[in-house]
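Here's the structure, in structure tokens; my notes come after.
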Amino acid sequence: MSTETPPAVRFDHVTTVLGGRAVLDDLSFEVAAGESLCILGRSGTGKSVTLKTIMGLMSPDAGRVFVEDDEVTDADRDTLSDIRQRLGFLFQNAALFDSISVGENVAFPLRRHTDCDSREIAEIVEAKLAQVGLEADIDKMPAELSGGMRKRVGLARAMALDPPILLVDEPSAGLDPITADEIDDLLCVLRDEHDTTLIVVTHNIPSARKVGRRLMMLHEGRVLADGSAEDLDRSDDPMVRAFMRSEGSG
Amino acid sequence: MAGKVRSAVSSWLSQVGDLAGFAARAVRDIPRPPYEFGEILRHLYELGARSAPLVAVSGLAVGVVLSMHTRATLERFGAESMIPAGLAMALIRETGPLTAGLLLAGRIGAGIGAELAAMRVTEQIDALEAIGVDSFRFLVVTRVIACLIAFPLLTTILNFAGIFGGFLAETLASGMSFQLYMQRAFAMIDFPTFLPSTLKTMAFGFIIATASSFLGFRADQGTEGVGRASTQSVVLSSVLLIVVNVLLVQLIFVLFPTVR
Chain A
7 MSTETPPAVR FDHVTTVLGG RAVLDDLSFE VAAGESLCIL GRSGTGKSVT
57 LKTIMGLMSP DAGRVFVEDD EVTDADRDTL SDIRQRLGFL FQNAALFDSI
107 SVGENVAFPL RRHTDCDSRE IAEIVEAKLA QVGLEADIDK MPAELSGGMR
157 KRVGLARAMA LDPPILLVDE PSAGLDPITA DEIDDLLCVL RDEHDTTLIV
207 VTHNIPSARK VGRRLMMLHE GRVLADGSAE DLDRSDDPMV RAFMRSEGSG
Chain B
2 MAGKVRSAVS SWLSQVGDLA GFAARAVRDI PRPPYEFGEI LRHLYELGAR
52 SAPLVAVSGL AVGVVLSMHT RATLERFGAE SMIPAGLAMA LIRETGPLTA
102 GLLLAGRIGA GIGAELAAMR VTEQIDALEA IGVDSFRFLV VTRVIACLIA
152 FPLLTTILNF AGIFGGFLAE TLASGMSFQL YMQRAFAMID FPTFLPSTLK
202 TMAFGFIIAT ASSFLGFRAD QGTEGVGRAS TQSVVLSSVL LIVVNVLLVQ
252 LIFVLFPTVR
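Heads up: the sequence lines are chains A and B, in that order.
Residues in the first sequence are numbered consecutively from 7, following the working numbering.
Residues in the second sequence are numbered consecutively from 2, following the working numbering.
Below, the structure is given as structure tokens:
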């Protein structure tokens, strides 16, 4: 019997067709537990689709996707719910529930999936918001927050259940460079201090260099380059080199 | 040209099929636990209690107008004493349920369509799923249950407000006392008259909640999609409600022959 740790995420020949175009084209890759992978690529190359496929929010037309030992692609609703509790997802625009407060947003997964009583939930919510520096804003409504604050609340909510894997969609999109850097710092803390597996989709090369120990560039639904930032810097492919030289802010 | 027509018909049929599947899933999931009591109570307040002033004021106005029209007609035959009974019968049997249904298609249909469409375009529905919550049960089934409970109650409020409005108009015209008016109004109202027509509004509630949720869930990207979902929710709910009402009236006549 093998005791080898399964990869956190595995794509096995995945194809997704949207509007007659293969957004993911026979895509295969693995992400090891504890690894931090940044997925790069131009708009429309299937980066966000990759994240949503891991989460089971989109179903591929062919191929299989695994989270640890569980297959996402043929999971029933109960299995999918179980898989999703092991995944945190920070959406591009945070996707906070705008009818409830910041504190209630972070408490939401805890109320759904734990037996914690109200006092315990309040303590966890306070601790999670303190991690992202927003403990004073617990009673605010999402509409009262800036873009950076919304992202940080989204991160606190994504980490509420302490999932071993965190998926992040464009963490720096729409943020000024300083706020974007603050979000990157929070992701680095999760990577270094909590051993969280990070899969981050970004256009922002400085951010990718900082957060990702491994960078993977997608082009037309396929892996164009995969390796460390240094590996991609030395790539023979002119598109990869051009992308790595850019300072795009997402 | 023929190809375009075929494609349009095919797309329309596909949407009708999707809506039917959506409604069937709602029917299937309503009795299934776990029940989201907190969300149902929240929707009962938002969709039900907050609609009460609208239906009460509208009912009052409908009652006044119906009374004025009924008086103008019955006066010619010297049958003014039938005004309270005629008005109550008309309101409870048909005018009340249909008026309540159409009013609520506007208020609740637009509200559900816009709210769910906004949640769709801002990825809040995806966020619910990402947290491991069945978004259909959490967002759709809870609203459908709230509407099933709220619609008969709101219709009853509208009916009573209408009868009271009729009394105001009648007492101004003829000085009829409140006691006499109510005695005459309810003289011909029995349970077979009141119950089926009031309970049929549960079907209206189901139609409005499912049609609006369906359009909200399918909203396209952007604020334009939110506006479109809201408008289409009102239009689709109203049309379906009027058509289904014809079938329900016929069904009531078959099941309760004394109502005819």
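In this text, a Cβ means the ideal position worked out from N, Cα and C, and glycines have one as well.
- In this structure, residue 45 of chain A lies near residue 224 of chain A, with their beta-carbon atoms less than 8 Å apart.
- In its chain, beyond the 5 residues on either side, 19, 21 have a beta carbon closer than 6 Å to the beta carbon of residue 32 of chain A.
- For residue 183 of chain A, not one C-beta of chain B is nearer than 8 Å to its own C-beta.
- In terms of beta-carbon proximity, residue 113 of chain A stays away from the interface with chain B, with every pair separated by 8 Å or more.
- Minimum Cα-Cα distance from residue 104 of chain A among the listed residues B:207, B:120, B:85, B:196 corresponds to B:120.
- If you ignore the 5 residues before and after residue 26 of chain B, its C-beta comes within less than 7 Å of the C-beta of 137, all in its own chain and listed in chain order.
- As for any beta strand (DSSP E) of minimum length 3 sitting wholly inside the region 121-206 of chain A, the runs are 171-175, ordered along the chain.
- Within the same chain, 108 come within 6 Å of residue 143 of chain A by CB-CB distance, once the 5 residues on both sides are set aside.
- Under the three-state reduction of DSSP, residue 185 of chain B is assigned to helix.
- Out of B:133, B:231, B:258, B:259, the CA that lies nearest to the CA of residue 83 of chain A is found in B:133.
- Pairing residue 40 of chain B with residue 220 of chain B, the inter-Cα distance amounts to about 22 Å.
- Out of A:175, A:244, A:227, A:106, the CA that lies nearest to the CA of residue 213 of chain A is found in A:175.
- Listed along chain B are 133, each with a C-beta nearer than 7 Å to that of residue 119 of chain A.
- Beta-bridge annotation (DSSP): residue 18 of chain A is paired with A:70.
- The beta carbon of residue 130 of chain B lies closer than 6 Å to those of 136 in the same chain, with the five residues before and after it left out.
- When the five nearest sequence neighbours on each side are left out, no beta carbon in the same chain lies closer than 7 Å to the beta carbon of residue 36 of chain B.
- For the region 177-202 of chain A, there are no residues whose beta carbon sits under 9 Å from a beta carbon of chain B.
- Beta-bridge pairing by DSSP links residue 42 of chain A to A:204.
- If you look at residue 225 of chain A, you'll find it in the beta strand (DSSP E) that goes 220-225.
- Judged by DSSP in its simplified three-state form, residue 237 of chain A adopts helix.
- The beta carbon of residue 101 of chain A sits closer than 8 Å to those of 160, all from its chain and outside the five residues before and after it, given in chain order.
- Residue 180 of chain B is outside the set of residues whose beta carbon lies under 8 Å from a beta carbon in chain A.
- Proximity of the region 149-160 of chain A to the region 175-195 of chain A meets the contact definition, three or more beta-carbon pairs being nearer than 8 Å.
- In this structure, residue 97 of chain A and residue 16 of chain A do not form a Cβ contact; the two beta carbons are roughly 23 Å apart against a cut-off of 8 Å.
- In this structure, DSSP gives residue 19 of chain B a helical state, which the three-state scheme calls helix.
- For the 8 Å CB-CB criterion, residue 208 of chain B and residue 252 of chain B do not form a contact.
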